[in-house]
Structure formats: structure tokens, C-alpha cells
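Residue numbers (this note's numbering): 43 to 407. Structure record follows, encoded as C-alpha cells.
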Amino acid sequence: MRIHFKALPGKGCSRERPVTVDRLRRTGLYLPAMLGEIERKTAEVRGEWEKGRAGVESLQDLEELRVRFLGKRGYIAQLFALLRTLPPEKRAAAGKLINTLREQIEGELESLKGQLAAKAEAERLKREAHDFSLPGVWRGIGNLHPLTQVRLEIERIFMEMGFDVASGPEVETDYYNFEALNIPADHPARDEWDSFYIDEGLLLRTHTSPVQIRVMKSKKPPVRIICPGRCYRRDNPDATHFPVFHQVELLWVEKGLTMAHLKWIIEVFVREFFGPGYEMRFSADFFPFTEPSAQVHIRRAGGPWLEIMGAGMVDPAVFEEVGYDPEEVTGFAFGLGIERMAMLKYGVDDIRLFFQNHLRFLEQF
Ligand code: 2U9
Numbered sequence: 043m044r045i046h047f048k049a050l051p052g053k054g055c056s057r058e059r060p061v062t063v064d065r066l067r068r069t070g071l072y073l074p075a076m077l078g079e080i081e082r083k084t085a086e087v088r089g090e091w092e093k094g095r096a097g098v099e100s101l102q103d104l105e106e107l108r109v110r111f112l113g114k115r116g117y118i119a120q121l122f123a124l125l126r127t128l129p130p131e132k133r134a135a136a137g138k139l140i141n142t143l144r145e146q147i148e149g150e151l152e153s154l155k156g157q158l159a160a161k162a163e164a165e166r167l168k169r170e171a172h173d174f175s176l177p178g179v180w181r182g183i184g185n186l187h188p189l190t191q192v193r194l195e196i197e198r199i200f201m202e203m204g205f206d207v208a209s210g211p212e213v214e215t216d217y218y219n220f221e222a223l224n225i226p227a228d229h230p231a232r233d234e235w236d237s238f239y240i241d242e243g244l245l246l247r248t249h250t251s252p253v254q255i256r257v258m259k260s261k262k263p264p265v266r267i268i269c270p271g272r273c274y275r276r277d278n279p280d281a282t283h284f285p286v287f288h289q290v291e292l293l294w295v296e297k298g299l300t301m302a303h304l305k306w307i308i309e310v311f312v313r314e315f316f317g318p319g320y321e322m323r324f325s326a327d328f329f330p331f332t333e334p335s336a337q338v339h340i341r342r343a344g345g346p347w348l349e350i351m352g353a354g355m356v357d358p359a360v361f362e363e364v365g366y367d368p369e370e371v372t373g374f375a376f377g378l379g380i381e382r383m384a385m386l387k388y389g390v391d392d393i394r395l396f397f398q399n400h401l402r403f404l405e406q407f
């Protein structure tokens, strides 16, 4: 034998150059082959094919087998190379033999490929199958913080009555937080709003009242707004104090408003927010920015009086500061603490619980 199948390129022999008649001639190995020899070699390749085919388990195996038999340097190419060494008159018969084998291999490769692809797909489906009867993994969808819920509820009630929601900066100037609200620098009332100063003349707002000043300075009456927002005071935390807290303040400025309108607005609010069955009490108080001023309590029949807010008619000095004529318009305002509203509504006895972010507390709302 001049051409050894063992030396034929297969796995690991890919660098070997194809055996061509030219090469054989050049190396002096060229001798015309015999027809019988080609028949024998073809049968040998068929045997090899059948062995190889039986061992195929994956598409990768199959591809390796294809290269080994049909590749540029594969067995079939080798047989054709041998064919070209036959005397021309014998080539047709031998060529037919090789072609038949090639077609057989091609056909079988195709069908094996189909079978293996189907097998791989079935395995993939099995691997990725979902059992929809298994219990699911519960992922909590979360809920709004109770303070947010209360704020949204208060906003809804007043928006339905025709009030707009206004907001402003949490870092304020001394002027908007105090001066414009009739609380001059040396006024003893400043002690009530012990503040976090950032710089000379700059502080964390102690109430949302500066928002009302900003709104009034920016437009003519009528003004109907509520101002929810975060406020800061230098209080030591205890069951009813926290240095960060939230307020909603209301301001209505228009011709002819009286304390009666203020009482009516608060009555509607109490009924909407706490439900029916409460009585309401106003008692005298003092704020530099309202005159007269009052604190408002509510109670259920037989229950204790609960303070819910401070309120009053806007002081004429405040109107003058923002450029409104106190002879022409009157107005009223109130301020309430969102934490206090939430504590009363849900029976929470310690304000600090709202800021500790314990899920077992928050999940109750
Ligand atoms: C302007 C004029 C008047 C807002 C008011 C109160 C009374 C009040 C407290 C309630 C609980 C603050 O959060 S709290 O500690 N607020 O008692 N607030 S009248 O009066 C204003 C506001 C703005 C221009």
C-alpha cells in the first residue's frame, strides 16, 4: 500500500497537506492504483464510517465525524485522490463507488443531525421545564410609609375642597422662616423654634410657613394652598419629639374670610380624616403670625380631648410684609403635625417608631 489510512488526516492531523496526484508524483510515490484496491479502500472507509456513526453522541461528535470523512483532507477526498491515480478508463466505475459512499455518508449525517438536534432540544426542554404546580416564592410588594399615607390622605381631602399643594426649600433663610412671619431676631418666640443653623442667616426650616410667604409674594389673592413638608427643630428625641418631623399647613386668603370659615374647614377635615362622631373645641393661644390664634382639640363622646392643630387669622403684619392690603383681604391658617395625626389615627404611642424603619412596625399600615 502506498497510501496509509493511518497517516490520513483526521483528529490531530489537520496540519497535514492533502494527498494529491501531483504530490505523489513529485515524491516519487505515484503508481497507478488498481481498481480492486480502490474497492477495498472504499469498503474500508465504509466500515470506518459505520463504526464512527455508532459512537456519535452529540452534535459536536457528529461535526468531528463529518470533517473526518467529508472534510477537505478527509477519507472521501483521499479516495478521490487515489481515483486520479487509476488509468482513465477505470475511473468511472471506481468514481461511482466512491460517490455512492459519499452520498450515503452525506444522507446519514443529515439524518443523524436531525435526530441529535431533536434530542438536544428535548433535553433542553426537560432541563428548563417549570413545574407550575409548585408553590411560588412570595415577594413582598411593599407599601407606603404610614407618614406618606397620612400626608396623601390629607392632601386628598384638601384638594377635593379646592386647595392647591405648594412646596418650597427645606434650607431656608432667616427672613422667610422668621422675619416675614413677624418673628424678629430678638423676639422671645424664637426660643420656641430652636433651630439647626447652617450658616449665618441660613437654617433648616422649622415649619412650612415660609412656603406660604413665598407663594403670597409671588401672586395676588385669592390664595388657597396647603403646604406639606419636612421640618427640623433642635428637640431631643422622646415619645412625642423628634428633630425631623412633617407638617401640613393651610392658608386661605380672600376677601371676607372669617373665623367661621376656618372652623368649617377644620370640621370638614376632622370628619373626613378621623370619621364622624367627634366634637371640636377652640381655645385661645398665641402665635406671632396669627391673631387671634387658637389651639384645636377634638374628642369622641366620653373620650379625652386631643390637641390636633394650631390655627388662627393671619396677622395684618404678615400681610403687609408680603404686599397684601390687610384692609382688603383677610385670611386664616392652620398647622398640624403629620406624625401627630398618624399617632392619633393609628394609636401609635411613640413618634420614634416612624423613623426606625422596622418592617414589623411598618407592615402594619
Ligand atoms: C402664614 C401665616 C400663618 C400657620 C400656623 C400653627 C398655627 C401651629 C403647629 C402645629 C403643630 C406647628 O407642627 S406643629 O408643631 N402650628 O400651631 N401654624 S397657625 O400659620 C401661618 C402660616 C403661614 C403666612
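Backbone N, C-alpha and C define an ideal beta-carbon position, used for all residues, glycine too.
Please classify Leu244: is it buried, with 16 or more other beta-carbons within 10 angstroms of its beta-carbon, or exposed?
exposed
* **Of the residues Val207, Pro226, Ala208, Gly210, the one placed nearest Asp216, counting alpha carbons only** => Pro226
What number of angstroms, rounded off, separates the C-alpha of Glu99 from the C-alpha of Gly184? 50 Å
Can you list, in chain order, the residues of its chain with a C-beta nearer than 7 Å to that of Ala219? Leave out the 5 residues immediately preceding and following it. It should be noted that the sequence gives Asn, not Ala, for residue 219. Taken in chain order, the residues that qualify are Leu245, Arg247, Thr248, Pro252.
_Just to confirm my understanding: we take Ile350, look at its own chain, exclude 5 residues before and 5 after, and list those with CB closer than 8 Å. What are they?_
Val312, Val338, His339, Ile340, Leu378, Arg382, Met383, Leu386
Does the ligand 2U9 have even one heavy atom less than 7 Å from the beta-carbon of Phe315? no
- Message: Given the structure, does His249 come close to the ligand 2U9, in the sense that its CB is under 7 Å from one of the ligand's heavy atoms?
- Response: yes
*Spatial distance of Ile380 from Trp180 (CA atoms)*: 32 Å
Can you determine whether any heavy atom of the ligand 2U9 sits closer than 7 Å to the C-beta of Phe409, and answer yes or no? This structure cannot speak to residue 409, because the chain is shown only from 43 to 407.
Are the CB atoms of Phe315 and Ile267 within a distance shorter than 8 Å? no
>> Applying the 10 Å Cβ sphere with the 16-neighbour rule, what's the burial state of Arg276?
In response: exposed
Review point. Taking C-alpha atoms, which residue in Ile80, Phe287, Glu214 lies nearest to Pro129?
Key: Ile80
Look at the alpha carbon of His400 and the alpha carbon of Gln191, and state the distance between them as a whole number of angstroms. 17 Å
_Whole-angstrom C-beta distance between Leu189 and His288, which should lie under 8 Å_ = 6 Å
Q: Identify every run of the beta strand (DSSP E) within the segment 276 to 317, keeping only runs that are complete inside it and at least 3 residues long; order them along the chain.
A: 286 to 296
**Request:** Can you check the segment 195 to 254 for any alpha helix (DSSP H) of at least 4 residues that lies completely inside it and give the ranges in chain order?
**Result:** 216 to 219
Under a Cβ-count criterion, where at least 16 other Cβ atoms within 10 Å of its own Cβ denotes burial, should Ile118 be classed as buried or exposed?
buried
What residues in its chain sit with their C-beta under 6 Å from that of Arg402, if we drop five residues either side in the sequence? none
Using the Cα positions of Lys259 and Val364, report the straight-line distance between them to the nearest angstrom.
5 Å
- Query: Under a Cβ-count criterion, where at least 16 other Cβ atoms within 10 Å of its own Cβ denotes burial, should Asn278 be classed as buried or exposed?
  - Reply: exposed
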